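Here the sequence shown stands for residues 1159 to 1269, numbered as in the working numbering.
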Amino acid sequence: MTSKSDHWTKLELQIYILLLCANSDAEETELEIRMIKSKVDIKTFEKIYEEYNNDSEEDHFEKIDDNIHQHDYNNMELAKFRQEAHDIFFSDGKFKMMEQNLNRILDNIMY
């Protein structure tokens, strides 16, 4: 795991969380990855994707919690961000139990 001094930009944090959303049902799809890639340049995506894949589940939540508090999100940013997470969750037309659980966890972390 990286140290708590590692800070991401808002965009890097967004990509990391969206990757967590894409993997929440253990079925990362090509559509979900394309949706995430469309929000960022390929270099940034690859950097965050590699870090995400090397982290444990515990690391994922610790890093998100550490980094979410480094940024001052306004209500509009949070609403847009939550909508993007929901777009990933519903990309297969279903909102599975694991996705619902992650959704609640993200709400607790972000608000």
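Cβ atoms here follow ideal geometry from the backbone N, Cα and C, with glycine treated the same way. Given the structure is predicted, the values throughout are model-derived calculations rather than measurements.
| Do the stretch 1200-1213 and the stretch 1234-1252 make contact, defined as three or more Cβ pairs closer than 8 angstroms? | no
| Per DSSP, what kind of secondary structure is SER1249 in: helix, strand or coil? | helix
| query | Is the stretch 1169-1187 touching the stretch 1209-1218 in the sense that three or more CB pairs, one from each, lie closer than 8 angstroms? | reply | yes
| message | Quick check on this structure: which residue in PHE1239, ASP1183 and LEU1177 has the alpha carbon closest to the alpha carbon of LYS1252? | response | ASP1183
| Span separating the alpha-carbon of GLU1220 from that of ALA1243 | 18 angstroms
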